[in-house]
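Going by my numbering, 126 is the number at position 144 of the sequence shown; the sequence numbering is gapless. Data first, discussion second: the structure below is written as C-alpha cells.
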Amino acid sequence: MPSPTSALSFDSCRPSRKGPLTSFRVWAPRAKHVDLILGEGAERVSMNSEDGEFFTIELEAEAGLRYGYSLDGGPARPDPCTVHQPAGVHEISELYFCGDFEWKNGCVEIERGDLIIYEMHIGTFTDEGTFDAAIERLDDLVELGVNALEVLPVAQFPGERNWGYDGVQPFATQCSYGGPEAFMRFIDAAHGKGLAVFLDVVFNHLGPEGNYLNEFGPYFDRKVHTPWGAGFNFGGSNSQPVRHWVMDCVWQWIHDFRLDGLRLDAVHAIVDSSPTHILADLNEIADEAAAARGGACIMIAESLLNDDVMVTPRDKGGNGFDAEWNEDFHHAVSAWMTGERDGKYVDYGEKGAIANVFRDTFHLAGQFSEFYGQNWGRPVRDKPGDRFVISLQNHDHIGNRARGERFAALVDEPQLRLGACLTLLSPYVPMLYMGEEYGETNPFLFFCEFGDERLIAAVRKGRKRDYGLKGEIPDPQAEDSFMQSKLAWSWGEGLSSRMRELYRDLIELRKSLPALRHYEEKAIWIDHDGDEMSVLVLTRGEKQDLHCVFNLSETEQKFPDMIREGELRWRSSDGPADKLSAYEAVIFENPT
C-alpha cells in the first residue's frame, strides 16, 4: 500500500494477513450492521463498526475460504474488493492472497518510444480461451517481434464469454480464463520472454449484471451518465472512499500482479469535479505502486477528445498519462481504403486526412465535425509522437461493425500491406490487434453471456441502435458468435504467410533504424496526381535523413525528386526500379 507519508495514503479494504489472523474490512455506509459470511455453511460473524461507515474484524482464515458480506441481515454479497470469484459474479468470494504467488521473473521495462504493442482478448486468442493456453503462444509473438501485450479487461463478468467491458468486480480475474493465479503465471511467463504486459481496465462504469456495489454505499453518482450505465462517484458526496477503492485497484494490478502498465478505457467518460481529477490521482498511485515493487510503469488513456490534456503532466494541469490512443489514424486510413463514409468515418474521407494525422497528430483539430455536430479537438504540435498510440485495427473498430469484419476482409492485399506500412512506419507508437499480423479473416464479433432475459433483449436491440447496424446481425448472446471470433492461427502459405513476413520485416525495421523511433522532428511532403493526393513522404530522424514514401493511389507513381539521391533501404513490393507500385511503401535514407 502507499507509504503512510504519501499524500495518497489510505487503508485498503482488501483482506490482508495480520500475523496468524486475517483482517476483513468493508465500506458499507448504507448498512447499520454487517455480518461476515464464512464458508459454504454461511456462518455469520458480526463485524465491528468504525464510525458507522467501515466494518472490520480479524479472525483465522486461510486462502481458499469462501466468504461474503451480509448487510442488515440481507443475502450474502461478494466482497467489493474480491480477487477471486470461482462461482461467478452473483456468489460469495474466495479468499486469495496475491503475495503467495512465487514469481520467477521481474518486470520488463521498455522505453515508451520502443513499444510495439499487441492487443489481445484472452477468450478468443486460443481455442481453450485461457491464460495457460495463451502462454503456449507467446513464442509466436516473440518471433513476430512485438514487445508488449495489451490484454483486454479481465475483471470478472457474468457468464464465460464477454469482451470484458461488462465486468462488475474490478479486482477479480475472470475465472473462465483461469482466475488470478493463472493470470500471474501468464504475466510471469511473458516477462520471462521479454514481453511487457499491460492490462485494459474500466473505471468509467460497471456492467449491468452482478453489480451489488450500491447496496454497500454511494459508489455511483446519479448525475453522471455514460453510454454504458451510471458513472462512478468520484466528486460527489462521500466520494473519497470510492476514489480510494479505485486507487487500491490500480495498486493491486501494478504492485501485486507486477503489470508493466495499464490502459484506461474511455477516460473521456469519467466525470470528476474534484480539485484534483481522479485520473491524475490514478497516475500518481500507479507510479508509487511501480516504485514500491521496483521499477516504473506506463499508463495509457483511451480518449476521444482529440487533445493533449491526458498526456500533459500533472504539475501543468493535465492528468499525467504517459500516452493516449489516437483514433484518427484508424479513421483516416480505414475511410480512405474502404470507401466508407457513414458513422464515425464521415469526417475522414479524403486522403489528406492521413497527412493531417501524420503532421498534426489529429485530423479533427478544432474544425467542425459532422459526426459530433460541433467543433472537435484542437491542434497538438508540441507533444512528441510517442505520446500517442495508433492502430490500423483494434477490438472496437472490428467488433463494432455489424459482422465483425477484420481489415483483411474489407480490402485487397495491396491496401492491406500499405495499411501495415503506415502503422509500423508511423511517427507514433504502433499497436496491432491479434491476428492482424497474418491477415486473420475470422471476425471479431460482439459477444456476451448474460443470465437476465430482459437484459439480453436490450443488448440485442441496443447493438443495432447504438452503432447504426443494418439488417440481421449475429446474435451477441449466441455461443457461436464467440466461437467464430477465435483466431485461426494459420499462416502457412498464401496471403497469411506474406502478411506475417511483412509484419516481421516492418517490426525489425522499426527496431533497427533509430530514425523510426525518433519522435521529436518530422516533416510531411505531399505530391499530387491532378487534384488527388497520390504520394506522401514522411521524413524522420534527428537529422531528417530517413524518408518513408507511401503511394496512396491505385496507379504507379514516380519517385519524388526530393528522395532520388537517397539510398533505397526497403520496399514493400517488387516494383519497377524507377517507380512506386500501386499502394507501395518505400524507405530511402540520405547518404552520410
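Beta carbons are placed, not taken as given, at the ideal position from N, Cα and C, and that holds for glycine.
| Check | Outcome |
| --- | --- |
| Output the distance between the C-alpha atoms of L346 and D394, rounded to the nearest integer angstrom. | 28 angstroms |
| Return the bridge partner residues of L562 from the DSSP annotation. | Q539 |
| Which runs of the alpha helix (DSSP H), 4 residues or longer, sit entirely within the segment 94 to 177? | 104 to 107, 113 to 117, 120 to 126, 161 to 174 |
| Please report the Cβ distance between S554 and L484, rounded to the nearest whole angstrom; I am assuming they are in contact, meaning their Cβ atoms lie under 8 angstroms. | 7 angstroms |
| Excluding the 5 residues preceding and the 5 following L406 in the sequence, name in chain order all residues of the same chain whose CB lies nearer than 7 angstroms to its CB. | P412, L488, I489, R492 |
| Here's the rule I'm using: 16 or more other beta-carbon atoms within 10 Å means buried, otherwise exposed. How should G321 be labelled? | exposed |
| What does V27 pair with, by DSSP beta-bridge criteria? | L18 |
| Taking all protein chains shown into account, do 16 or more other C-beta atoms lie within 10 angstroms of the C-beta of H207, making it buried, or fewer, making it exposed? | exposed |
| Please report the straight-line C-alpha distance between G56 and E197, rounded to a whole angstrom. | 10 angstroms |
| Please determine, among P162, F168, D378, the residue with the shortest C-alpha to C-alpha distance to A248. | D378 |
| Can you tell me where the alpha helix (DSSP H) with Y485 in it begins and where it stops? | 476 to 494 |
| What residue does the beta strand (DSSP E) around W307 start on, and which one ends it? | 305 to 307 |
| I'd like the span of the alpha helix (DSSP H) that includes R225, first residue to last. | 222 to 233 |
| Nearer than 7 angstroms: is that true of the beta carbon of L534 relative to any heavy atom of the ligand ATP? | Ligands in the displayed structure: none, and consequently the ligand ATP is not present. |
| Do the segment 286 to 304 and the segment 225 to 234 touch if we need at least three Cβ pairs shorter than 8 angstroms? | no |
| Quick check on the DSSP output: the alpha helix (DSSP H) that includes A283 runs from which residue to which? | Careful: A283 lies outside any alpha helix (DSSP H), inside the beta strand (DSSP E) at 280 to 283. |
| My assumption, with CB atoms under 8 angstroms, is that P577 sits in contact with Y78. Please give the rounded CB distance. | The structure shown has nothing for residue 577, since the chain only spans -17 to 574. |
| Can you tell which of Y565, R323, I380, P409 has the C-alpha that lies nearest to the C-alpha of E418? | I380 |
| Which of helix, strand or coil does DSSP assign to N196? | helix |
| For the alpha helix (DSSP H) holding L269, just list the boundary residues, first then last. | A small fix is needed here, since residue 269 is Asp in this sequence, not Leu. Per DSSP, D269 belongs to the alpha helix (DSSP H) from 260 to 275. |
| Could you tell me the distance, in whole angstroms, from the CA atom of I104 to the CA atom of T521? | 37 angstroms |
| Could you check what DSSP says for Q526 in three-state terms: helix, strand or coil? | coil |
| Taking the alpha carbon of Q375 as the reference point, which residue from M229, F311, E35 has its own alpha carbon closest? | F311 |
| Please classify G127: is it buried, with 16 or more other beta-carbons within 10 angstroms of its beta-carbon, or exposed? | buried |
| Within 8 angstroms, do at least three Cβ pairs link the segment 234 to 246 to the segment 175 to 191? | yes |
| Give a yes or no on whether the C-beta atoms belonging to E91 and A278 are separated by under 8 angstroms. | yes |
| Could you check whether the segment 460 to 472 touches the segment 420 to 435, counting it as contact only if at least three pairs of C-beta atoms, one from each stretch, sit closer than 8 angstroms? | yes |
| Give the DSSP-derived three-state secondary structure of L77 in the structure shown. | coil |
| Quick check on K326: buried or exposed, where buried means 16 or more other Cβ atoms within 10 Å of its Cβ? | buried |
| With distance defined between alpha-carbon atoms, name the residue in Q67, V27, G88, H15 nearest to D54. | H15 |
| I'd like to know whether the C-beta atoms of L400 and S373 end up nearer to each other than 8 angstroms. | no |
| So for V315, helix, strand or coil by DSSP? | helix |
| Can you tell which of P62, D263, S256, I267 has its C-alpha closest to the C-alpha of H237? | I267 |
| For D33, which three-state DSSP category applies? | coil |
| From the DSSP output, read off the bridge partner residues of D182. | R245 |
| For G50, name the three-state secondary structure that DSSP assigns. | strand |
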